[in-house]
Structures are given as structure tokens and as C-alpha cells.
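Okay, so here's the structure we're looking at.
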Amino acid sequence: MAAGSEGGTVEQAKEACLRLLAVRARSRAELAQRLAAKGYSPEVSEQALDRLTEVGLIDDAAFAEQWVHSRHAFSGKGKQALAQELRRKGVAQSDAAAALDAITTDDEETRAGELVRRKLRSLPRDLDRDKMIRRLVGMLARRGYSQATAYRVVKAELADRGVEGDLDEPVD
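Just so you know, we're using our numbering here: the sequence shown kicks off at 453 and counts up by one.
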């Protein structure tokens with residue numbers, strides 16, 4: 453862009469978006485923020501984003517679906533954390549809800565169980581049972597799992613390992 457110009461052209465804005473989309477999928481709101489930061493006027497940004505949406509290069513519903521799948525599968529994020537991430541990325545509640553509904557309770561518990569088993573391998577063998585529970589439930593909570601899910605999964609995993617004792621399950 454030329455120095456002192458008010459933003460750039462629609463074509464330049466589309467090119468900037470395409471460069472960003474080549475790196476990774478992005479929500480419409482993320483692209484709008486990036487265009488604004490580069491100095492494009494709101495009118496030029498809207499025209500460029502509308503055109504890219506028309507041709508299917510910007511699709512917040514598809515973005516949310518892909519984001520939820522990859523972050524749940526590879527980062528082990530729970531629904532609460534994923535919903536928050538999508539909000540921060542400017543994805544509409546309706547698009548986010550549809551993507552989050554794809555994760556079933558069983559999916560969430562299975563992934564949480566994997567995370568707990570992995571964490572159990574790194575905990576000291578002589579760790580106090582209550583400390584172990586707190587660390588495991590805290591780890592799941594930080595990843596966006598509900599308290600009830602975290603306690604249920606930790607209780608099941610500890611029972612499988614023969615760790616005795618009662619674990620009161622909280623209610624969400």
C-alpha cells in the first residue's frame with residue numbers, strides 16, 4: 453500500500469486474506485481484524501470478505517468444525533475451552549454450537565481418559581492420593597473439561613489402577 457493512502461483496494465485486501473488463509477483456516481472476524489490492522493477501510497474489507505465468502509473460501513461453520521476436531525483430537529481440549537476459543541475467534545454462536553455438538557460425551561470422556569493415563573505416567577509413585585486427584589482434575593479443568601466429567605474420568609482411571617478410596621463427584 454502506498455504511504456498515506458486510506459487503506460488499499462479490494463483486490464489487495466483479497467490477496468492479503470488469501471495469504472493468511474494459505475497458512476491456516478481463519479474465521480471471518482479474524483480476517484477482518486487483520487485487514488483493519490493493515491489499514492484497510494471497513495468498506496474495502498467487507499467487500500473483500502463478502503467476495504471470499506461467496507466463493508467459499510471463508511466459511512465460519514466449516515472453520516469451527518475443523519477447529520473443534522483438530523483441537524479436541526490433538527490438543528485434548530474439552531468443549532468449554534473450545535467454545536471459548538471459538539468466541540475469541542469471532543465465530544457466531546450458531547456455527548460454534550453445531551461444531552461443538554459433534555463432540556459427544558463419550559468422545560470427551562475417552563479423550564479425557566487418555567490425558568489422565570498419560571499424566572499418571574509422569575506423576576510420582578508415592579504421591580498422596582488426594583494430591584494426585586487434585587492434579588489430575590486440575591489438568592482436565594485447565595483443558596476445558598467440566599468438573600463432573602473430570603471427576604468421573606479420574607475416578608474411573610484410578611479405580612482401573614487399583615487406587616482405593618472414595619471420590620465424591622461434584623455436580624455441574
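For each residue, glycine too, the CB sits at the ideal point set by N, CA and C.
In this text, all values refer to a predicted model and were calculated from it rather than measured experimentally.
Requested in this report: For my contact list, Gly528 and Leu567 are in at a C-beta cut-off of 8 angstroms; report their separation, rounded to the angstrom.
Outcome: Residue 528 sits at position 76 when you count from the first residue of the sequence shown. Residue 567 sits at position 115 when you count from the first residue of the sequence shown. Sure, about 5 angstroms apart at Cβ, within 8 angstroms.
Query raised in the report: Is there contact here, the segment 595-608 with the segment 526-541, by at least three beta-carbon pairs under 8 angstroms?
Result: The segment 595-608, when compared against the segment 526-541, does touch it at the 8 angstroms Cβ threshold.
Query raised in the report: Quick one: what does DSSP say Ile585 is sitting in, helix, strand or coil?
Result: Within the sequence shown, residue 585 is the residue found at index 133, counting from 1. In the structure shown, Ile585 sits in a helix (DSSP, three-state: H, G or I).
Query - Collapsed DSSP secondary structure at Ala611 in the structure displayed - result: For the purposes of this step, residue 611 is taken as the residue at position 159 of the sequence shown. In the structure shown, the three-state DSSP call for Ala611 is helix.
Query raised in the report: Any C-beta of chain D sitting closer than 8 angstroms to the C-beta of Gly565?
Result: The displayed structure is made up of one protein chain only, and chain D is not part of it.
**Report entry** Residue environment, Asp547, which counts as buried when at least 16 other CB atoms sit within 10 Å
**Finding:** Here residue 547 refers to the residue found at position 95 when the sequence shown is read from its first residue. The residue is buried, with at least 16 neighbouring Cβ atoms inside 10 Å.
Query raised in the report: With Ser497 and Ala481 assumed to form a contact (beta carbons below 8 angstroms), what rounded beta-carbon distance in angstroms separates them?
Result: Position 45 of the sequence shown, counted from the start, is the residue given in the question as residue 497. Position 29 of the sequence shown, counted from the start, is the residue given in the question as residue 481. Ser497 to Ala481, Cβ: 11 angstroms. No contact.
Query raised in the report: Is Tyr603 helix, strand or coil when you go by DSSP?
Result: Position 151 of the sequence shown, counted from the start, is the residue given in the question as residue 603. Under the three-state reduction of DSSP output, Tyr603 falls in the helix class.
Report task. Since I believe Asp512 is in contact with Val462 (beta carbons under 8 angstroms), could you give me their beta-carbon distance rounded to a whole number of angstroms? Result -> Taking the first residue of the sequence shown as 1, we reach residue 462 at position 10. Taking the first residue of the sequence shown as 1, we reach residue 512 at position 60. So it is not a contact: roughly 21 angstroms between Cβ atoms.
Requested in this report: In angstroms with no decimal places, state the Cα-to-Cα distance between Glu537 and Ser479.
Outcome: The residue labelled residue 537 in the question sits at position 85 within the sequence shown. The residue labelled residue 479 in the question sits at position 27 within the sequence shown. Taking the straight line from one Cα to the other gives about 11 angstroms.
Requested in this report: From the DSSP output, in three-state form, read off Met453 for me.
Outcome: One-based indexing of the sequence shown puts residue 453 at position 1. Because Met453 carries a pLDDT of 39, less than 50, the predicted location of this residue cannot be relied on, and the following value inherits that uncertainty. Here Met453 sits in coil by DSSP.
**Report entry** Euclidean distance between Cα positions of Val615 and Leu588
**Finding:** For this step, residue 615 is matched to residue 163 along the sequence shown. For this step, residue 588 is matched to residue 136 along the sequence shown. One alpha carbon belongs to Val615, the other to Leu588, and they sit about 14 angstroms apart.
Query - Residues near Ala516 in its chain [Cβ-Cβ closer than 6 angstroms; skip 5 each side] - result: Residue 516 sits at position 64 when you count from the first residue of the sequence shown. Scanning its chain for C-beta atoms nearer than 6 angstroms, with the 5 sequence neighbours on each side dropped, one finds around Ala516 the residues Leu538, Val543, Asp547, Ala548, Ala551, in chain order.
Query raised in the report: Using CA coordinates, which residue listed in Gln545, Ala608, Glu609, Ser522 is at the minimum distance from Arg476?
Result: For this step, residue 476 is matched to residue 24 along the sequence shown. Closest by C-alpha distance to Arg476, out of Gln545, Ala608, Glu609, Ser522, is Ser522.
Report task. May I have a chain-ordered list of the beta strand (DSSP E) segments no shorter than 3 residues that lie completely inside the segment 495-557? Result -> DSSP runs (the beta strand (DSSP E)) wholly in the segment 495-557: none.
**Report entry** Same chain only: Cβ atoms within 7 angstroms of Leu473, ignoring 5 sequence neighbours per side
**Finding:** Along the sequence shown, read from residue 1 onward, the residue named residue 473 stands at position 21. Within the same chain, Cβ atoms closer than 7 angstroms to the Cβ of Leu473 are found at Leu509, the five residues on either side in sequence being excluded.
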